[in-house]
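Colleague:
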Amino acid sequence: MTILQRLFTDLEFAPREHIVTVPFAYVGVQPGAAHHSIYEELWHLTKWQNFVLLLARGKAVRNDYNEEAFPDRQAPEDENAWLELVSEFLAGSAQAVALAGDEDALAVSLSDGLTVRERLELLAVHNTYHLGKIVLLRQLLGIWVPPPDDAEA
Amino acid sequence: MNTWKYLFLTGEFAPRTHILGGLTLEQVGVRPIGAPHSIYEELWHAAEWQRLTLDRDEAAHERWEGGEQFPSRPGPEDEAAWQTLTDSFLAYSERAVRLADDETFLESDESERYPGATWRNALECLAVHNAYHMGKIVLLRQLLGNWSPPPEAAET
Numbered sequence: 000m001t002i003l004q005r006l007f008t009d010l011e012f013a014p015r016e017h018i019v020t021v022p023f024a025y026v027g028v029q030p031g032a033a034h035h036s037i038y039e040e041l042w043h044l045t046k047w048q049n050f051v052l053l054l055a056r057g058k059a060v061r062n063d064y065n066e067e068a069f070p071d072r073q074a075p076e077d078e079n080a081w082l083e084l085v086s087e088f089l090a091g092s093a094q095a096v097a098l099a100g101d102e103d104a105l106a107v108s109l110s111d112g113l114t115v116r117e118r119l120e121l122l123a124v125h126n127t128y129h130l131g132k133i134v135l136l137r138q139l140l141g142i143w144v145p146p147p148d149d150a151e152a
Numbered sequence: 010m011n012t013w014k015y016l017f018l019t020g021e022f023a024p025r026t027h028i029l030g031g032l033t034l035e036q037v038g039v040r041p042i043g044a045p046h047s048i049y050e051e052l053w054h055a056a057e058w059q060r061l062t063l064d065r066d067e068a069a070h071e072r073w074e075g076g077e078q079f080p081s082r083p084g085p086e087d088e089a090a091w092q093t094l095t096d097s098f099l100a101y102s103e104r105a106v107r108l109a110d111d112e113t114f115l116e117s118d119e120s121e122r123y124p125g126a127t128w129r130n131a132l133e134c135l136a137v138h139n140a141y142h143m144g145k146i147v148l149l150r151q152l153l154g155n156w157s158p159p160p161e162a163a164e165t
């Protein structure tokens with residue numbers, strides 16, 4: 000796997016799948032004065048990831064997509080809804096990995112003037128900002144167990 | 010858009026100057042209950058990794074690999090020390106953006122860190138590593154009651 004691909008799976012901090020494997024009872028909690036719950040953070044980054052991947056694959060997208068969007072509820076309706084969101088995030092990450100492994104695709108210039116590679120770089124950074132928050136939310140809730148060999152707290 | 014400037018300084022979430030500004034000495038040294046690190050510790054870690062990567066400081070890298078990845082205290086000695094740290098982080102972030110202006114540099118070998126890596130890869134990793142700790146700093150600010158997104162905010 001290339002470095003760019005691994006920025007969507009396990010490089011620089013804990014594996015993303017490990018981060019989003021959260022006991023359901025905690026995903027809707029906002030500890031202290033935190034502005035968002037784990038659910039809200041993951042929903043936001045997943046929906047933005049979906050949007051960016053459409054852009055990167057040259058698909059038509061809404062011009063009025065609100066990149067500041069968060070869900071209208073602090074917690075998912077039920078555990079199924081949470082698990083579906085996790086699956087959606089991981090499926091999107093897998094798409095990003097596939098795209099990042101295609102050297103020809105990476106060089107393609109998109110209608111907004113960016114290359115596919117640049118779009119994926121921006122996406123990796125955006126995902127990471129919110130995944131960092133999710134890790135700290137888990138630490139605040141006392142439910143973070145670092146994976147083996149985790150160099151990042 | 011200068012994507013590297015966006016990645017290191019201004020985009021995908023609040024400008025880094027905004028994230029690191031307007032904090033008191035007391036706030037940057039506090040570890041809210043449950044948080045393993047303070048704002049100071051998070052920034053010191055991100056800044057040191059960025060510095061030693063861009064400076065190719067092998068001695069510091071060895072110390073880092075030996076476990077010296079966070080400062081010896083949760084807060085800076087004084088306000089001047091905090092300002093020095095933030096100035097250094099931002100200066101090295103600006104340096105990363107300048108380095109990325111050179112396509113030849115971006116494609117040059119940086120396989121000291123990873124086999125087959127280029128400096129483009131190294132800068133991608135650095136931007137991601139910075140973002141991880143910036144996210145934590147913003148959440149710490151929220152917990153301390155000292156966070157408002159910038160007026161033109163795309164991210165909270």
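From first to last, the protein sequence lines are chains A and B. Under my numbering, the first sequence has 62 at position 63, and the numbering climbs by one with no breaks. Quick note: to get my numbering, add 9 to the position in the second sequence (first position is 1). Where is the CB? At the ideal position from N, CA and C, for every residue including glycine.
Would you kindly work out how many angstroms separate the C-alpha atoms of S117(B) and W128(B), rounded to a whole number?
Modeller: Here residue 117(B) corresponds to residue number 108 of the second sequence, with the count starting at 1. Here residue 128(B) corresponds to residue number 119 of the second sequence, with the count starting at 1. Distance between the alpha carbons of S117(B) and W128(B): 6 Å.
Colleague: Under DSSP, the alpha helix (DSSP H) around W47(A) begins and ends at which residues?
Modeller: Counted from its first residue, the first sequence places residue 47(A) at position 48. That run of the alpha helix (DSSP H) goes 37 to 55.
Colleague: Are any of the Cβ atoms in chain B nearer than 7 Å to that of T20(A)?
Modeller: Numbered from its first residue, the first sequence carries residue 20(A) at position 21. By this cut-off, T20(A) is not an interface position.
Colleague: Spell out the partners DSSP gives S108(A) in its beta bridges.
Modeller: Your numbering for residue 108(A) matches position 109 in the first sequence. In DSSP, S108(A) forms a bridge with T114(A).
Colleague: Can you check whether the CB of A136(B) is closer than 7 Å to the CB of V124(A)?
Modeller: Within the first sequence, the letter at position 125 stands for residue 124(A). Within the second sequence, the letter at position 127 stands for residue 136(B). Their beta carbons are under 7 Å apart, which means V124(A) touches A136(B) by this criterion.
Colleague: Using beta-carbon positions only, say whether I133(A) and E40(A) come within less than 7 Å of one another.
Modeller: As a working mapping, residue 133(A) is identified with position 134 in the first sequence. As a working mapping, residue 40(A) is identified with position 41 in the first sequence. Taking 7 Å as the Cβ cut-off, I133(A) and E40(A) qualify as a contacting pair.
Colleague: Consult DSSP for D64(B) and reduce its assignment to one of helix, strand or coil.
Modeller: Here residue 64(B) is taken as the residue at index 55 of the second sequence, counted from 1. Looking at D64(B) - three-state DSSP - the assignment turns out to be coil, as it is neither helix nor strand.
Colleague: Buried or exposed, going by whether 16 or more other CB atoms sit within 10 Å of the CB of G112(A)?
Modeller: What you label residue 112(A) is simply residue 113 of the first sequence in a count that begins at 1. G112(A) should be labelled exposed.
Colleague: As a quick exercise: from V115(A), A106(A), K46(A), V107(A), pick the residue whose alpha carbon is nearest that of T89(A).
Modeller: On the first sequence, residue 89(A) is found 90 positions in, with the first residue counted as 1. Residue identity differs from the one stated: residue 89(A) is Leu in this sequence, not Thr. Measuring from the Cα of L89(A), the nearest candidate turns out to be K46(A).
Colleague: Quick one, which residues of the region 124 to 145 of chain B are near chain A if we go by CB-CB under 7 Å, in chain order?
Modeller: Correct list: A126, N130, E133, C134, A136, V137, H138, A140, Y141, H142, M143, G144, K145.
Colleague: Can you name the residues of chain B whose CB is closer than 8 Å to the CB of K132(A)?
Modeller: Taking the first sequence and counting its residues from 1, one reaches residue 132(A) at position 133. Simply G144, K145, V147, L148.
Colleague: Under 8 Å between beta-carbons, which chain A residues line up against P41(B)? List them in chain order, please.
Modeller: For the purposes of this step, residue 41(B) is identified with residue 32 of the second sequence, where counting begins at 1. What P41(B) touches in chain A: G31, L139.
Colleague: Shorter than 6 Å, the distance from the beta carbon of L132(B) to the closest heavy atom of the ligand GDP, or not?
Modeller: The model depicted lacks the ligand GDP and carries no ligand whatsoever.
Colleague: Beta carbons nearer than 7 Å to chain A: which residues of the region 43 to 60 of chain B have them?
Modeller: Listed in sequence order: G43, A44, P45, H46.
Colleague: What is the DSSP secondary structure of D96(B), reduced to helix, strand or coil?
Modeller: Start at 1 with the first residue of the second sequence, and residue 96(B) comes out as number 87. D96(B): helix per DSSP, three-state reduction.
Colleague: On a CA-only basis, which of Q78(B), N155(B), R150(B), I42(B) is nearest L139(A)? Give me that one, please.
Modeller: If you number the first sequence from 1, residue 139(A) lands on position 140. Ranking the options by Cα distance to L139(A), first place goes to I42(B).
Colleague: Mind listing the chain A neighbours of E151(B)? Cutoff is C-beta to C-beta under 7 Å, in chain order.
Modeller: The sequence position of residue 151(B) within the second sequence is 142, counting from 1. Just to set this straight, residue 151(B) is Gln in the shown sequence, not Glu. By Cβ distance, chain A contributes A32, A33, H34.
Colleague: Any beta carbon from chain A within less than 7 Å of F22(B)'s own beta carbon?
Modeller: Taking the second sequence and counting its residues from 1, one reaches residue 22(B) at position 13. It does; some Cβ of chain A falls within 7 Å.
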